[in-house]
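A.B. asks: Numbering (this note's numbering), first residue to last: 1 to 152.
All C-beta atoms in this analysis are idealised placements derived from N, C-alpha and C, irrespective of residue type, glycine included.
#1: What alpha helix (DSSP H) runs, 4 residues minimum, are completely inside the segment 19-89?
#2: Using 8 Å for Cβ pairs, my map puts residue 49 next to residue 99. What's the rounded Cβ distance?
#3: Between which two residues does the alpha helix (DSSP H) containing residue 137 stretch?
#4: Classify residue 110 as helix, strand or coil using the three-state DSSP reduction.
#5: Please name the residue, chosen from 142, 22, 11 and 130, that lies closest to residue 97 on a Cα-to-Cα basis.
#6: State buried or exposed for residue 67, treating a residue as buried only when at least 16 other CB atoms are found within 10 Å of its CB.
#7: Given a threshold of 16 other Cβ atoms within 10 Å of its Cβ, counted over all protein chains shown, does residue 91 qualify as buried or as exposed?
#8: Can you give me the Cβ contacts of residue 17 inside the same chain, cut-off strictly under 7 Å, excluding the 5 residues immediately before and after it?
#9: Around the Cβ of residue 43, are there at least 16 other Cβ atoms within 10 angstroms (buried) or fewer (exposed)?
#10: For the candidate residues 87, 34 and 28, whose alpha-carbon lies nearest to that of residue 105?
#11: Kindly list the residues whose CB is nearer than 6 Å to the CB of residue 107, restricted to its own chain and excluding five residues on each side of it in sequence; keep chain order.
#12: Looking at the unbroken beta strand (DSSP E) that takes in residue 131, where does it start and where does it end?
#13: Can you give the Cα-Cα distance for residue 138 and residue 109, rounded to whole angstroms?
#14: Can you tell me which residues form a DSSP beta bridge with residue 91?
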């Protein structure tokens, strides 16, 4: 937290986001409580969180069957006001595998319907969403078009 406090020092107009992790090995950030502890230790309200769809699913948060429940838990532990962005990616792994292997949108365990819920969810739809899928430029263009087609 000392390094984060230094990065967030007055005079540096930077917003730093902690990313949700899959919880593999000694990785920190696989549970919302771990991110909350870091946020609290810095004492800086400008620090935020980037929710990675593959990581939270692989980490044991069931965004496929209970996106609303996961977001309620995030709000209870961290606060939705701290959610600043999303990394969008599907997962090559089964639920709660703690492995972190990204897949193209709609081609993995999360499935296309999950992304339809995410891009249309009132708490998420206006957040920056960044693709983090294994792809080349033409593939990203196709995935962006696919995600836009899911918007209602």
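C.D. replies: In short:
#1: Annotation: the segment 19-89 contains the following complete segments of the alpha helix (DSSP H) (minimum length 4 residues), in chain order: 32-42, 53-58 and 67-77.
#2: Translated into positions along the chain shown, residue 49 becomes position 49. Translated into positions along the chain shown, residue 99 becomes position 99. Beta-carbon to beta-carbon, residue 49 and residue 99 are separated by about 21 Å, too far to satisfy the 8 Å threshold.
#3: Your numbering for residue 137 matches position 137 in the chain shown. It spans 137-150 - the alpha helix (DSSP H) in which residue 137 sits, taken as one unbroken run.
#4: Position 110 of the chain shown holds residue 110. Correct three-state label for residue 110: coil.
#5: Residue mapping note: residue 97 aligns to position 97 of the chain shown, counting from 1. Distances from the CA of residue 97 to each of 142, 22, 11 and 130 were compared; the closest alpha carbon is that of 22.
#6: Working through the chain shown from its first residue, we reach residue 67 at position 67. Per the 10 Å Cβ criterion, buried.
#7: Here the question's residue 91 lines up with position 91 in the chain shown. Buried: at least 16 other Cβ atoms inside 10 Å.
#8: In the chain shown, counting from the first residue as 1, residue 17 sits at position 17. Correct list, in chain order: 48, 49, 50, 84 and 85.
#9: Numbered from 1 along the chain shown, position 43 holds the residue referred to as residue 43. Counting Cβ neighbours within 10 Å, residue 43 comes out exposed, since fewer than 16 surround it.
#10: Here residue 105 corresponds to residue number 105 of the chain shown, with the count starting at 1. Nearest C-alpha to residue 105: 87.
#11: The residue given as residue 107 occupies position 107 in the chain shown. Only 90 meet the Cβ criterion.
#12: In the chain shown, residue 131 corresponds to position 131, counting from 1. Segment 129-131, the beta strand (DSSP E) holding residue 131.
#13: For this step, residue 138 is matched to residue 138 along the chain shown. For this step, residue 109 is matched to residue 109 along the chain shown. Approximately 23 Å between the Cα atoms of the pair.
#14: Reading the chain shown from its first residue, position 91 is the one you call residue 91. In DSSP, residue 91 forms a bridge with 102.
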